[in-house]
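Single-structure report; data block below.
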Amino acid sequence: MNIFRKFYCRTYQQIFHIAIPFLPYREPKILENMDEVVKTLKEEKIDKVMLATDKSIRGLGLTKELEDALTRANLSYVVYDDILPNPTIDMVEEGLKIYLKNNCKAMIAFGGGSVMDCAKVILARVAKPKKSVQKMKGLLKIRKKLHPLFAVPTTAGTGSETTLAAVITDGKSHYKYAINDFSLIPKYAVLDYRTTLNLPKFITATTGMDALTHAVEAYIGKSTTKKTRRMAEDAVKLIVKNLKLAYDEPHNEEARKNMLRASFYAGVAFTISYVGYVHAIAHSLGGQYGVAHGFANAVILPHVLKRYGKSAQKKLSKLAKISMIADEKDDDKTASEKMIKHIESLNSYFEIPTKIKELKAEDIPGLALKADKEANPLYPVPKLFNRKELEEIYKELLVE
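See below:
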């Protein structure tokens, strides 16, 4: 990256870092079960809600306990379950029509990151009916209080129950709109481990690696705070200790609880301190090919960490040591290498490949351009890459 663009990026990031204490970040209030959701709705005098989810989650019966609790409490609800992975603008608009038609006053997003992203932007459209999804792209384009959002994660990884971010895809151009606004932070996060018990093992693995990516990228960046460093460290320790256990023993209550907590901590960390090039590349692959976000992050993470080299060694070393991956006596280079190798070993254990089979060589310049536009100057990465340098990372992901 040339010196002038580098100066611009770092100045932009430094301004945001300085502003962090003055910005309205907040943590969602944690609820632990569906009865607490109903109790809270009654306390807020909300009698009509929309349940946003997807057909597979509802088909598995995961929402039944919540729906039964709402019915027993005489709370009216309407279901929108047509949300798919990588939600599109059309899905947002369809959900908006249902929400308004039924005069809903709150939203319960029951699912993974895609469901929560779609629910957030539906509520944003309710609050700003004259502003299209496209015009919400970027930072602080909403700036208006939304109806209450109850986020019920069914995976321990996306962190969407804590974040100010949502990503919506244009179904025609495949472009992903990253929307960031404090109003998108859910009011409540429902961390009920029972919603994660029936996850397929591969989803447990990839969403867990997604949480690890959030924590690592937030930690090694240049916009950390005392709080986000603590949150990221706690998340990494919990993931290293519990992810394999949750994968091998899907009904292990303690492992599931710890992974939900780790996802929450990682979400808080990256909401304030942002992510990096792993996410920018993953978003481009999701938009172009529909590659699942957590899966993409897992594949990309070790490639990008190696590219960062010395710029990330000290912080990766600390993560490795507090997670018992490296010894206290190891120097930073050795410990950071152990951290990257541990990530690679997790991917191997979970049978996550090292390449993206959907990726096409002819698409790389366009994908790198999208990643460059998303990441620079916003993401406070340890080392800045330009478009050509990003192209080299994509080339490493090609199946030969």
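Residue numbers 224 to 623, in my numbering, belong to the letters of the sequence shown in order. Just so it is clear, CB atoms sit at the ideal spot from N, CA and C, and this is done for glycine as well.
Which value, in whole angstroms, describes the spacing of the CA atoms of residue i and residue j?
| i | j | result |
| --- | --- | --- |
| A428 | E597 | 26 Å |
| S442 | C341 | The residue asked about is misnamed: residue 442 is Tyr in this sequence, not Ser. Rounded to whole angstroms, Y442 to C341 spans 27 Å at the Cα level. |
| H437 | L592 | 22 Å |
| V463 | P603 | 25 Å |
| G335 | T381 | 7 Å |
| D471 | D554 | 33 Å |
| K519 | L528 | Looking at the sequence shown, residue 519 is not Lys but Ala. The straight-line gap from Cα to Cα measures roughly 14 Å. |
| Q357 | L407 | 16 Å |
| I226 | K611 | 15 Å |
| L372 | E623 | 45 Å |
| K538 | T447 | 11 Å |
| N326 | D313 | 20 Å |
| G517 | G444 | 20 Å |
| H502 | P473 | 27 Å |
| L466 | K367 | 37 Å |
| Y497 | E440 | 7 Å |
| T234 | A469 | 42 Å |
| L524 | I426 | 17 Å |
| P247 | L387 | 11 Å |
| F230 | E477 | 47 Å |
| L435 | K561 | 15 Å |
| K410 | E250 | 8 Å |
| M330 | R479 | 25 Å |
| M224 | Y500 | 14 Å |
| T557 | V522 | 22 Å |
| N475 | Q536 | 34 Å |
| E267 | F245 | 28 Å |
| A292 | R417 | 15 Å |
When burial is assigned at 16 or more other CB atoms within 10 Å of the CB, is residue i buried or exposed?
| i | result |
| --- | --- |
| S634 | There is no way to answer for residue 634, as the model of the chain reaches only from 224 to 623. |
| N599 | buried |
| K265 | exposed |
| K399 | buried |
| D404 | buried |
| Q511 | buried |
| D415 | buried |
| K252 | exposed |
| N421 | exposed |
| G627 | This structure does not reach residue 627, given that the chain is present from 224 up to 623, and the question cannot be answered. |
| I241 | exposed |
| R228 | exposed |
| G284 | exposed |
| A549 | buried |
| A584 | exposed |
Check whether the Cβ atoms of residue i and residue j lie closer than 9 Å to each other.
| i | j | result |
| --- | --- | --- |
| M482 | I566 | no |
| S355 | I306 | no |
| D595 | N609 | yes |
| K320 | H370 | no |
| K271 | S299 | yes |
| M454 | V491 | yes |
| T451 | F487 | no |
| E581 | V514 | yes |
| F573 | K424 | yes |
| I238 | I495 | no |
| A389 | A458 | no |
| A296 | K360 | no |
| S644 | K343 | Outside the displayed span of the chain (224 to 623) sits residue 644, for which this structure offers no information. |
Which residues in the same chain have their Cβ closer than 6 Å to the Cβ of residue i, if we skip the five residues on either side of it in sequence?
| i | result |
| --- | --- |
| K606 | Y531, S534 |
| T392 | N309, T311, K399, G510 |
| V628 | This structure leaves residue 628 out entirely; the chain is present only between 224 and 623. |
| G624 | With the chain represented from 224 up to 623, any question about residue 624 goes unanswered, as that position is not in the structure. |
Less than 7 Å between C-beta atoms, sequence neighbours within five positions excluded: which residues of the same chain meet that for residue i?
| i | result |
| --- | --- |
| D304 | T276, D277, K278, R281 |
| Y322 | M273, I345, V349 |
| I616 | I504, H526, V527, R530 |
| L362 | N403 |
| Q236 | K445, S446, P600, P603 |
| N256 | D415 |
Since residue i contacts residue j with CB under 8 Å, what's their CB separation in whole angstroms?
| i | j | result |
| --- | --- | --- |
| A379 | T419 | 6 Å |
| I365 | K351 | 6 Å |
| V260 | L289 | 7 Å |
| E614 | P576 | Rounded, the Cβ-Cβ distance is 20 Å, inconsistent with contact. |
| S559 | S540 | 5 Å |
| T385 | A412 | 6 Å |
| K578 | L508 | Going by Cβ atoms, the distance from K578 to L508 rounds to 12 Å, so no, they are not a contact pair. |
| T286 | F333 | 5 Å |
| I545 | E456 | 6 Å |
So is residue i in contact with chain C if we call contact Cβ pairs under 9 Å?
| i | result |
| --- | --- |
| F230 | Among the protein chains of the structure shown there is no chain C, as only one such chain exists. |
Please work out which residues of its chain come closer than 8 Å, Cβ to Cβ, to residue i, disregarding the five sequence neighbours upstream and downstream, and give them in chain order.
| i | result |
| --- | --- |
| A543 | A549, D553, A558, S559, K561, M562, H565 |
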